[in-house]
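First to last, the protein sequences are chains A and B.
Note that the numbering used here gives residue 89 to position 77 of the first sequence, counting from 1, and the numbers run on in steps of one.
Note that the numbering used here gives residue 907 to position 131 of the second sequence, counting from 1, and the numbers run on in steps of one.
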Amino acid sequence: MRSFDLVEPATLDEAVALLDSQDKSVRAIAGGTALMLMMKTRLFQPTRLVSLRRVNGELRGIRMNGDGGLRIGAMTSLAELEYSPMLASAYPVMSQALRTLSNIRIRNVATLGGHLAHGDPHMDLPPILITLDAKVSAASKRGQRWIGVSDLFAGYYQTSLATDELITAVHVPSQPLGVCCWYEKFTARSADDWPTVGAAVWYSVHSNVITEARVAVSAATDRPMRIAAAEAALTNAPPTAQVFSKAADAAADEVQPISDLHGSASYKREMVRVHVRRALERALNLRSNGAG
Amino acid sequence: MTKTHRRTIRFKLNGRPAIAEIGTHETLVEVLRRDFSLFGARESCGQGLCGCCTALVNGTAVSGCLYLAAFVDGAEVLTVEGLGSGNELHPIQQSFIENCAFQCGFCTPGFILMTKELLDRHPHPTTDEIRHYLSGNLCRCAAYPDIVRAVKAIAER
Ligand SMILES: Cc1cc2nc3c(=O)[nH]c(=O)nc-3n(C[C@H](O)[C@H](O)[C@H](O)COP(=O)(O)OP(=O)(O)OC[C@H]3O[C@@H](n4cnc5c(N)ncnc54)[C@H](O)[C@@H]3O)c2cc1C
Ligand code: FES
Ligand code: FES
């Protein structure tokens, strides 16, 4: 690794001021787990890193919003999230996914902000946060703005954040009672590997009809994304095995998978079919058992 | 290397005050080996996958190969060398020996420190919890069953 300038500001304003809208070799560093891999392989050679670890206040902590949703500071570690009773009761789907996200050493260090800002399509939480309709608050010298997590990912390792913009927090709205929600992680190598396919589903059922549905896929594609065709196949249909199969077929038809070391494009397409269906089934089973 | 690329870090290492002159780009495992001759943590995969470079920072395990040494400034660092007291082995180390939980020993410091975090959190873990905690540590000699047995044995003590 090449040496660089490392600065550790104490406030968000200072941190934002140290970033540079023109210079891509200046970046924030949170846990560093993703960035270190890129620096070790020389994919990224910074001139300056702005460490967020000493920034106090708003980047930290998990707390309940006025509307019953959760506000999670960007510097919250994935381990804090995994062990959070608040997260487990509000979004069990997230707590569950965190258990197989990498390993404990990485979760102890990696942060939610870094997880989202990295733009890696193989991350586990983005598709879940998309289906939960979460948004991030972002800060720059130009002020603060909201970005829906579904609009955050612009392409392969690309986000809609400006070069000098920081994620300060993630806001997850409270979920209606009885909503069906699940994330299927499929790994082709070891259990705690990055996913080959991640499939998150969210739908509500009234009088045996699906009234609203969200389906998001990650890892198979260049970025995590909602799958409109699958959602259309579910909406206003009954939650049956047949409908789930149709929706899974629609998802497999719509995605444009990319080949990588986790699987070829054609293999991933088939895995999208299988795991979207399983996620839809699992979500329903969990709800009827009262565990979802 | 310009001046801003270097710094002095002060931290607690195995219970004693420590000070080091480092480059900002250097990792924790590099500094432990070079400046303190602590060779228990070693870089193997270099990618956060295997756990051979594990150290505890403020009580939680980190991959020393992906952790900037600059980040331990002000922190408490524990390596396998600091686990026992004097000539006494720590109960986890003792149990690994009694249960033959290694062959070559290359992965052992990492497994022992990960077990320390596990037992600090869950003094009586189930087999599932043990597997969950240790799933991010790799043992090329595949001593896994003996490692799980060693951890169970301490927890049952
Ligand atoms: C061995 C290993 C296995 C892994 N397995 C998985 C897995 O199975 N599933 C999975 O989902 N992920 C996996 N990961 C990825 C892991 O989730 C990410 O590395 C981690 O979440 C990144 O967080 P960080 O805080 O370390 O980010 P950093 O490395 O510090 O930063 C990553 C990027 O985000 C930017 N950044 C950081 N914080 C902010 C902020 N607040 N605002 C704006 N930009 C910011 C940085 O500039 C950088 O570009 C794995 C990683 C490793 C090393
Ligand atoms: S060498 Fe650090 S985890 Fe393998
Ligand atoms: S004992 Fe040889 S690698 Fe684990």
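All C-beta atoms in this analysis are idealised placements derived from N, C-alpha and C, irrespective of residue type, glycine included.
Owing to the predicted nature of the structure, the values given are computational and were not obtained by experimental measurement.
(request) Please decide whether L387 of chain A counts as near chain B, where near means a Cβ-Cβ distance under 7 Å. (result) Here chain A comprises residues numbered 13 to 304, so residue 387 of chain A is not present and cannot be evaluated.
(message) On the criterion of 16 or more Cβ atoms from any shown chain inside 10 Å, does C829 of chain B qualify as buried, or is it exposed?
(response) buried
(message) So within the stretch 781-815 of chain B, which uninterrupted beta strand (DSSP E) runs reach at least 3 residues, ignoring any that extend past its ends?
(response) 782-789 and 792-799
(request) Can you pull the chain A residues whose beta carbon is under 7 Å from the beta carbon of H801 of chain B, in chain order? (result) M13, R14, S15 and F16
(request) Give me the Cα-Cα distance between D234 of chain A and Y843 of chain B, rounded to the nearest whole angstrom. (result) 28 Å
(request) Run the CB neighbour count on G302 of chain A, radius 10 Å, all protein chains shown included, and call it buried at 16 or more, exposed below. (result) With a pLDDT of only 48 at G302 of chain A, under 50, the local geometry of the prediction cannot be trusted, and no value is derived from it.
(request) Compute the minimum distance between the beta carbon of H801 of chain B and the heavy atoms of ligand 1, and state whether it is under 6 Å. (result) no
(request) Spell out the partners DSSP gives D272 of chain A in its beta bridges. (result) A:G275
(request) Anything in chain B within Cβ reach of N115 of chain A, meaning under 7 Å, just list it in chain order. (result) S911 and G912
(message) Would you say V62 of chain A lies against chain B (beta-carbon separation less than 7 Å)?
(response) no
(message) With a threshold of 6 Å (Cβ to nearest heavy atom), would A919 of chain B be considered close to ligand 3?
(response) yes
(message) In the DSSP output, which residue or residues are listed as bridge partners for W194 of chain A?
(response) A:V213
(message) Against chain B, which members of the stretch 188-218 of chain A pass a CB distance test of less than 7 Å?
(response) A203 and D204
(message) Closer than 6 Å to a non-hydrogen atom of ligand 1 - does that hold for the CB of D849 of chain B?
(response) no
(request) Determine the chain A residues that contact G827 of chain B at a beta-carbon separation under 7 Å, and present them in chain order. (result) R117
(request) For G44 of chain A, decide whether its Cβ has a neighbour in chain B, counting only Cβ atoms nearer than 7 Å. (result) yes
(message) Give the residues whose C-beta lies closer than 5 Å to at least one heavy atom of ligand 1, in chain order.
(response) A:R39, A:A40, A:I41, A:A42, A:G43, A:G44, A:T45, A:A46, A:L47, A:A86, A:L113, A:S114, A:I118, A:A122, A:T123, A:G125, A:G126, A:H127, A:A129, A:H130, A:M135, A:D136, A:L178, A:I179, A:W206, B:G824 and B:L825
(message) Extract the residue ranges of the beta strand (DSSP E) inside the stretch 37-73 of chain A, only unbroken runs of 3 or more that lie entirely within it.
(response) 38-41 and 60-63
(request) Mind listing the chain A neighbours of H781 of chain B? Cutoff is C-beta to C-beta under 7 Å, in chain order. (result) S15, F16 and D17
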